[in-house]
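Have a look at the structure below before the remarks.
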Amino acid sequence: MDALRVERLVKHYGSVQALRGVDLAVRPGEVFGFLGPNGAGKSTAIRVILDLIRPTSGHVAVFGRDAQRESVATRRQIGYLPSDPVMPPGMTARQVFDFYSDVRGERPDPAYLQGLVERFGLDAARPVSALSRGNRQKVGLVLALMHRAPLVILDEPTTGLDPLVQDEVEAALREVAAEGRTVFFSSHILAEVESICSRAAIVRQGQIVDVFDLAEQRRLAPRRVEVQFGRAPDEGAFDALPASVQLVSQEGRRAVLEARDGVDALVKFLARYEVADLSVRQPTLEELFVGYYREEES
Amino acid sequence: MNAGLIRRSVRDLRWHILWYGAGLAVYAAFIVALFPTFRDFLGDTQYPEEFLQFFGTSGDLSSPDAFITTEYNSFVPVILLIYAVVVGTGALAGDEGRGTLENLLAQPISRLSVFVSRALALVIGAVLICAVNSLGWVAVVPFVDLAPLSLGDLVLATFTVLPVVAFFGALAMLAGAVAPSRGMAAGIMTAVVVATYLLASFAQVIEALEWTRNFNPYYYSDGARVLTEGVVWWHQAVLVAGALVLFALAAVAFSGREIMAGTWQPRALVRGLRAVRA
């Protein structure tokens with residue numbers, strides 16, 4: 004059974020089509036990235052999952068339960084961080100945790116809660132109204148994680164956090180997945196998706212344009228190879244490049260090549276020359292993402 | 146219903162309860178304390194009957210019931226209706242505007258439960274305001290001759306505003322459930338409160354407008370007549386029934402509301418009915 008299943012989800016606001024037939028399946032125990040530029044429909048899809056807004060058509064199921072018909076039972080399975088967490092006024096962070104525990108009717112494990120507070124460097128005794136954007140984000144993160152919900156949905160989880168805390172958040176999400184729980188998070192920051200997700204979907208203008216396995220994508224993606232030759236290659240030397248290798252640029256003794264389907268053919272080609280230095284780099288998700296959009300546009 | 150949410154919702158109203166209650170208590174005490182001074186002066190003064198009727202009273206202003214009706218009961222309900230509008234529109238539409246409703250509704254709690262908690266808090270807050278308000282009577286009435294009025298009459302009259310406050314509070318929650326924002330809902334409700342108050346006042350003196358009384362919730366509140374004519378219980382029952390119907394409609398509309406959509410949502414009632422049926 005999928006942790007989250009979204010089928011043919013459509014949402015119109017009048018003439019605006021926010022979602023245009025979204026299909027998704029998130030497996031239990033995975034960290035799934037929901038990637039797209041601002042306004043692509045990420046937050047709208049999340050709000051439908053939480054039954055905050057109703058779909059025009061389509062279906063959402065969380066661990067097999069209908070997210071609209073059994074919305075309360077569904078939300079009991081979910082820990083949620085909104086994109087801009089705003090806390091009830093007049094409370095300290097600790098009181099906010101108590102309040103939401105009362106509302107949920109379940110108490111978090113005090114040691115686990117305290118661990119999250121310390122890990123994110125949050126002063127839980129301060130009034131939330133006096134907290135910075137980053138610290139409010141930490142309160143929201145603790146709220147989303149403290150009940151150890153089987154599915155954690157985070158809308159832009161690292162917004163406003165400093166790099167050290169971002170690392171802690173990423174580590175915490177990996178631990179959530181290691182416990183067999185599922186993380187579904189939206190982001191437009193490719194590096195964090197790349198860092199922690201096992202799979203990711205790209206959403207664009209309300210549609211999923213691709214769902215890919217990040218490890219597999221990295222394995223299949225072309226390698227960027229930078230070669231420093233001992234002496235400049237003869238003119239026309241690159242005409243004999245294997246079909247799987249493409250010359251990106253060449254300047255004097257330095258050449259940048261792109262190799263598809265592994266680097267074996269390129270290494271055999273380079274063996275004919277004196278090679279002073281060689282570096283092979285995997286493409287970043289950003290390069291994949293940008294490449295994907297360029298392909299789409301062309 | 147969620148006990149934690151009800152506690153929190155009432156707690157959020159504590160400053161409203163304190164300031165509305167204390168303000169009205171001080172005013173009530175002030176009016177009663179000044180009555181002996183005004184009694185002699187007013188006994189010699191004649192006001193036009195239409196003028197008195199506009200303010201919901203008639204006859205001799207030097208009598209305690211007419212004096213307190215004119216100076217207090219005829220307009221205090223309007224002040225409490227401001228409370229109803231502020232709290233009724235703020236209860237859910239205000240939370241949505243501030244951004245706190247999204248996180249609340251993402252918890253495993255039904256919208257109906259959230260609605261009932263907030264509606265109960267509104268009513269409990271109004272009851273507590275009336276209780277604090279009554280302390281003003283308790284503090285001063287034993288020391289002033291208001292015969293034939295008793296302390297009990299004044300306290301009872303104070304609490305008879307509750308049905309009309311609940312009525313307008315429910316209407317404000319309904320407006321908040323379909324309006325794009327709290328500001329829009331509060332604006333509309335303020336206009337409704339002012340219009341019903343003025344219409345009720347004019348209907349006292351303009352015969353051609355008398356028929357409008359039957360449709361005016363403010364008329365049924367009897368604020369201007371309760372001390373002189375006693376409580377008309379069927380009027381109170383009409384308001385309670387109206388408030389219950391409006392609370393039910395508001396609950397259904399809130400169940401169908403698209404959170405954070407920022408648009409008019411007339412179809413929220415239809416969506417809400419579907420959600421309730423499901």
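From first to last, the protein sequence lines stand for chains L and X. According to my numbering, the residues represented by the first sequence are 4 to 301, in order. According to my numbering, the residues represented by the second sequence are 146 to 423, in order. Glycine included, C-beta positions come from ideal geometry on N, C-alpha and C. Small disclaimer: the values here were computed from a predicted structure and weren't measured.
* **N- and C-terminal bounds of the alpha helix (DSSP H) containing X:Ser400** => 378-400 is the extent of the alpha helix (DSSP H) around X:Ser400.
* Partner residues on chain X for L:Pro58, Cβ-Cβ distance less than 8 Å -> Those within 8 Å of L:Pro58 in chain X number zero; the least Cβ separation is about 11 Å.
* For X:Met405, go through chain L and note every residue whose CB falls closer than 8 Å to its CB, in chain order. => Near X:Met405 (Cβ distances below 8 Å), the residues of chain L are Arg50, Leu55, Ile56.
* Asked: When you compare only the Cα positions, how much space is there between L:Val259 and L:Ser282?
  -> A direct Cα-Cα distance of roughly 10 Å separates L:Val259 from L:Ser282.
* Taking all protein chains shown into account, do 16 or more other C-beta atoms lie within 10 angstroms of the C-beta of X:Tyr165, making it buried, or fewer, making it exposed? -> When all chains shown are included, X:Tyr165 counts as buried.
* Answer yes or no: does any C-beta atom of chain L fall closer than 8 Å to that of X:Ile254? => Chain L contact via Cβ: present.
* Continuous beta strand (DSSP E) stretch holding L:Arg202: start and end -> L:Arg202 -> beta strand (DSSP E) spans 202-207.
* At least one CB of chain X closer than 8 Å to the CB of L:Asp112: is that the case? -> L:Asp112 has a beta carbon lying at 8 Å or more from every beta carbon in chain X.
* Asked: Roughly how many angstroms separate the alpha carbons of L:Glu171 and X:Glu247, rounded to a whole number?
  -> Distance between the alpha carbons of L:Glu171 and X:Glu247 is about 25 Å.
* Asked: What residues from the region 224-252 of chain X come within 8 Å of chain L, judged by C-beta to C-beta, listed N to C?
  -> Taking 8 Å as the upper bound on Cβ-Cβ separation, chain L lies near residues Arg243, Gly244, Thr245, Glu247, Asn248, Leu249, Leu250, Ala251, Gln252 of the region 224-252 of chain X.
* **At least three beta-carbon pairs within less than 8 Å, the region 152-163 of chain X to the region 258-268 of chain X** => Yes, the region 152-163 of chain X touches the region 258-268 of chain X.
* To do: Compute the Euclidean distance between the alpha carbons of L:Ala64 and L:Gln71, then round it to the nearest angstrom.
  => If I take the Cα positions, the gap works out to 8 Å.
* **Where the beta strand (DSSP E) through L:Tyr16 begins and ends** => Note, L:Tyr16: beta strand (DSSP E), 7-16.
* Could you round the C-beta distance between X:Phe175 and X:Phe260 to whole angstroms and report it? I think they count as a contact, below 8 Å. => That pair is no contact at about 38 Å.
* If you drop the 5 nearest sequence neighbours on each side, which residues of the same chain put their C-beta closer than 7 Å to that of L:Asp280? -> Same-chain partners within the cutoff: Gln231.
* Out of X:Val339, X:Leu158, X:Glu241, point me to the one whose CA is closest to X:Ser326's CA. => Answer by Cα proximity: X:Glu241.
* To do: Check each candidate in L:Gln208, L:Ala262, L:Tyr276 and name the one with the smallest Cα separation from L:Gly24.
  => The option with the nearest alpha carbon to L:Gly24 is L:Gln208.
* To do: Using alpha carbons as the reference points, say which of X:Leu250, X:Ile213, X:Arg159, X:Val376 lies closest to L:Val89.
  => Checked all of X:Leu250, X:Ile213, X:Arg159, X:Val376; the closest Cα to L:Val89 is X:Leu250.
* Residues bridged to X:Ala413 (per DSSP) -> X:Ala413 pairs with nothing; no bridge assigned.
* Might you give, ordered along the chain, the residues of its own chain that have their beta carbon closer than 8 Å to the beta carbon of L:Phe102, omitting 5 neighbours on each side? => Same-chain partners within the cutoff: Pro91, Met94.
* Asked: Taking the runs of the beta strand (DSSP E) that are 3 residues or longer, which of them lie wholly in the region 61-139 of chain L?
  -> Within the region 61-139 of chain L, the complete beta strand (DSSP E) runs of at least 3 residues are 81-84.
* Examine the Cβ distances between the region 352-360 of chain X and the region 269-280 of chain X and report whether three or more of them are shorter than 8 Å. => Taking a contact to require three or more Cβ pairs closer than 8 Å, the region 352-360 of chain X and the region 269-280 of chain X do not qualify as touching.
* Asked: Checking contacts by CB at 8 Å: is X:Thr408 closer than that to chain L?
  -> Output row for X:Thr408: interface = yes.
* Counting pairs of Cβ atoms below 8 Å between the region 4-15 of chain L and the region 45-62 of chain L, do you hit three or more? -> As far as the Cβ criterion goes, the region 4-15 of chain L touches the region 45-62 of chain L, which means the pair count is three or higher.
* Burial state of X:Ala393 (16 or more Cβ within 10 Å) -> Only exposed fits X:Ala393, as fewer than 16 other CB atoms lie within 10 angstroms of its CB.
* Asked: What did DSSP end up calling X:Ile404 once you bin it into helix, strand or coil?
  -> Coil, per DSSP.
* **Delimiting residues of the beta strand (DSSP E) encompassing L:Phe35** => Run containing L:Phe35: 34-38, per the beta strand (DSSP E) assignment.
* **Selected residue, minimal CA-CA separation from L:Phe187, among L:Val179, L:Ile211, L:Ile156, L:Leu164** => Taking only the C-alpha atoms, the option nearest L:Phe187 is L:Ile156.
* Mind checking X:Glu216: buried by the 16 CB within 10 Å criterion, or exposed? -> Burial is judged here by how many other beta carbons sit within 10 angstroms of a residue's own beta carbon; X:Glu216 has at least 16 and is buried.
* Sub-8 Å separation of L:Ala180 and L:Val29 beta-carbons -> For L:Ala180 and L:Val29, no; Cβs fall outside 8 Å.
* Asked: Given X:Trp409, which residues of its chain have a CB within under 8 Å of its CB, disregarding the five upstream and five downstream residues?
  -> For X:Trp409, same chain residues with a beta-carbon under 8 Å away, outside a window of 5 residues either side, are Val323, Ala324, Pro325 in chain order.
* Between L:Ser74 and L:Asp105, is the Cβ-Cβ spacing less than 8 Å? -> No, the Cβ-Cβ distance between L:Ser74 and L:Asp105 is not below 8 Å.
* In angstroms with no decimal places, state the Cα-to-Cα distance between L:Asp4 and L:Val206. => Residue identity differs from the one stated: residue 4 of chain L is Met in this sequence, not Asp. The C-alpha of L:Met4 lies about 23 Å from the C-alpha of L:Val206.
* To do: For X:Ala229, name the three-state secondary structure that DSSP assigns.
  => For X:Ala229, the secondary structure class from DSSP, reduced to helix, strand or coil, is helix.
* To do: Consider the Cβ of X:Arg263: report whether some Cβ of chain L lies at a distance smaller than 8 Å.
  => Answer no: the Cβ-Cβ gap between X:Arg263 and chain L never drops below 8 Å.
* Between X:Ile333 and the rest of its own chain, which residues show a CB-CB distance below 6 Å, the 5 nearest in sequence each way excluded? -> The beta carbon of X:Ile333 sits closer than 6 Å to the beta carbons of Ala320 from its chain, once the five residues preceding and following it are set aside; these are given in chain order.
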